[in-house]
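To convert, take the position in the sequence shown, counting from 1, and add 17; that gives my numbering.
Notes for the one structure printed next.
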Amino acid sequence: MKTFASDNYSGVHPEVMDAIIRANYAHEISYGDDEITAEMDKIFKQQFGDVDVLYAFNGTGANIVSLKCAVLPFQSVICADTAHIHVDECGGPTQHIGCTLVPLPTPDGKLTPALVEHQLSFIGDVHHVQPKVISVSQSTELGTVYSLEEMRALADFAHKYDMFLHVDGARISNAVATLGCTLKEATVDCEVDIMTFGGTKNGIMMGEAILIFNKKLRKHAPYYHKQTAQLYSKNRFIAAQFKALFTNELWKEMALHSNQMAQLLAAEISKIEGVTITQKVEANALFVILPKEVVEPLRKAYRFYDWNVETGEVRWMCSFDTTKEDVMEFVEKIKELIAKTDF
Ligand SMILES: Cc1ncc(COP(=O)(O)O)c(C=O)c1O
């Protein structure tokens with residue numbers, strides 16, 4: 018079954034699977050003190066410069082650990098109201114940290130200094146949680162991408178008011194593929210303080226990395242990592258997957274491919290009358306309003322998620338293993354179903 022439901026419906030890239038198998042040799046030192054983790058840490062340093070690296074099982078855990086490094090229980094994390102940390106983590110960050118999330122409405126999943134500005138009036142007022150982190154997702158949950166200037170502006174704004182900029186980088190590879198820059202240019206050079214680096218949505222079996230750029234956030238990180246149950250005793254198997262991702266820039270190849278499939282799908286469906294694309298297609302996600310009669314029959318053939326049941330908006334995601342044929346067959350199915358409706 019091929020789907021357009023999520024980039025984590027897809028399997029594991031064969032090179033990543035091979036890397037796991039190759040890592041399965043004899044005994045190795047546990048808890049990240051192994052050779053493969055050391056090699057991977059070195060690769061992250063080559064890519065990003067001065068960085069502390071921790072590995073995590075999943076994106077929720079990586080977000081919790083990274084936010085915990087930056088925020089205290091009486092402080093707040095400002096995010097878009099579509100942010101995964103707000104909508105899809107079952108209150109994990111607030112439960113583990115005790116902080117408050119302040120979700121703000123945005124037209125396109127992106128925060129701006131102007132949207133955040135109102136929160137500044139609470140600084141120094143004991144009756145309000147104190148804004149400490151601006152958290153953005155790159156690419157966003159709406160498939161949009163912050164430009165380098167937009168990211169930099171948020172970092173400058175955060176730092177001006179003694180806050181940190183956190184990036185949920187579950188799909189940072191897709192964003193960087195779109196921006197056409199280096200990983201470092203998209204993050205460290207924009208003054209991002211701390212970021213999660215996604216693997217699971219880009220062809221690996223299991224694993225994310227937490228990249229701590231700002232030295233001020235490093236001291237307690239290993240303890241938060243352990244306390245939140247994200248320190249894997251056999252970390253070599255997570256590190257080996259990332260090594261595969263960074264061999265011959267596999268991360269970029271896969272991200273470019275899934276982005277291209279999203280572009281192809283967007284180009285094809287925009288030719289169909291009655292279909293409206295609601296967000297800019299800048300990464301591997303599409304948001305689309307279909308004629309209501311089409312949604313359920315289409316779902317019988319392909320899995321995908323509703324985004325807004327009231328408006329009939331749905332979300333389609335492309336993966337590293339989505340093929341042109343998958344896209345064209347999907348488009349044909351949509352055409353066929355629309356032809357049957359008399360909207
Ligand atoms: C923006 C974003 N962040 C983080 C995650 C990670 O979630 P999980 O804990 O399921 O790996 C996801 C997965 O959907 C996501 O879309």
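Glycine included, each C-beta is placed from N, C-alpha and C at the ideal position.
Quick caveat, the model's predicted, so the values are computed rather than measured.
For residue i, the three-state DSSP class (helix, strand or coil)
| i | result |
| --- | --- |
| C207 | helix |
| K59 | helix |
| T117 | strand |
| Q147 | strand |
| D343 | helix |
| D69 | strand |
| V305 | strand |
| I227 | strand |
| N191 | helix |
| L281 | helix |
| S250 | coil |
| Y178 | coil |
| D35 | helix |
| F214 | strand |
| Y240 | helix |
| D323 | strand |
| V429 | This structure gives no information on residue 429, because the portion of the chain shown stretches from 18 to 360. |
| T295 | coil |
| V331 | strand |
| S83 | helix |
| V311 | helix |
| V162 | coil |
| S275 | helix |
From the options, residue whose alpha carbon lies closest to that of residue i
| i | options | result |
| --- | --- | --- |
| V153 | T199, C107, A256 and F214 | F214 |
| Y178 | I189, A170 and E225 | A170 |
| A97 | Y42, Y26, A131 and T20 | A131 |
| I255 | A226, Q244, L121 and F347 | A226 |
| R235 | I211, M222, A283 and A246 | I211 |
| H144 | P124, N80 and Q92 | Q92 |
| Q3 | Q296, K62, I81 and L89 | Any property of residue 3 remains undetermined from this structure, which presents the chain solely from 18 to 360. |
| P314 | V119, T340, F259 and F347 | F347 |
| A36 | L262, D323 and T293 | L262 |
| V311 | A300, I289, L228 and K243 | I289 |
| T157 | F74, E208, D69 and A187 | A187 |
| Q247 | E52, N80, I306 and L118 | N80 |
| Y319 | P120, I189 and D343 | D343 |
| F230 | V184, T99 and L281 | V184 |
| R223 | A43, V70 and G78 | A quick correction: the sequence has Met, not Arg, at residue 223. Considering only alpha carbons, the answer is G78. |
| D24 | K317, V119 and A300 | A300 |
| Q155 | L200, M34, L282 and A284 | L200 |
| G232 | E52, A87 and F74 | Strictly speaking, residue 232 in this sequence is Lys, with Gly absent from that position. The shortest C-alpha separation from K232 is found at A87. |
| G21 | T358, I60 and T340 | Residue identity check: residue 21 is Phe in the sequence provided, not Gly. For the residues T358, I60 and T340, the minimum Cα distance to F21 belongs to T340. |
| K297 | Q280, V33 and R316 | Q280 |
Classification of residue i by the beta-carbon crowding that lies within 10 angstroms, buried from 16 upward
| i | result |
| --- | --- |
| N8 | Residue 8 is absent from the structure shown; the chain starts at 18 and stops at 360. |
| M18 | exposed |
| L354 | buried |
| Y72 | buried |
| S27 | buried |
| P31 | exposed |
| N265 | exposed |
| N252 | buried |
| K149 | buried |
| N366 | Coverage of the chain is limited to positions 18 through 360, which leaves residue 366 absent and any answer about it impossible. |
| M334 | buried |
| G76 | buried |
| S287 | exposed |
| K384 | No answer is possible for residue 384: the residues shown for the chain start at 18 and end at 360. |
| T217 | buried |
| M345 | exposed |
| H237 | exposed |
| K260 | buried |
| N41 | exposed |
| S275 | buried |
| Y241 | buried |
| D142 | exposed |
| E106 | buried |
| S336 | buried |
| A356 | exposed |
| Q244 | exposed |
| I38 | exposed |
| D58 | buried |
| D173 | exposed |
Near ligand 3: residue i beta-carbon under 7 Å from a heavy atom
| i | result |
| --- | --- |
| E56 | Absent from the structure shown: ligand 3. Ligands present: ligand 1. |
*Per the contact definition of three or more C-beta pairs closer than 8 Å, is the segment 159-166 in contact with the segment 130-146?*
no
*asked:* When you compare the segment 315-333 with the segment 258-275, are there three or more beta-carbon pairs, one atom per stretch, that lie closer than 8 Å?
replied: Contact between the segment 315-333 and the segment 258-275 is absent: fewer than 3 CB-CB pairs across the two stretches fall below 8 Å.
*For ligand 1, which residues count as neighbours when the test is a C-beta closer than 5 Å to any heavy atom?*
Any residue whose Cβ sits closer than 5 Å to a heavy atom of ligand 1 makes the list: N75, G76, T77, H101, S154, D185 and A187.
_With three or more beta-carbon pairs closer than 8 Å as the criterion, would you say the segment 41-53 touches the segment 109-116?_
no
*asked:* For the structure I just gave you, are there three or more beta carbon pairs, one from the segment 179-186 and one from the segment 114-124, closer than 8 Å?
replied: No, the segment 179-186 does not touch the segment 114-124.
_Taking 8 Å as the cut-off, does the segment 189-197 touch the segment 62-77 (at least 3 CB pairs, one atom from each stretch)?_
no
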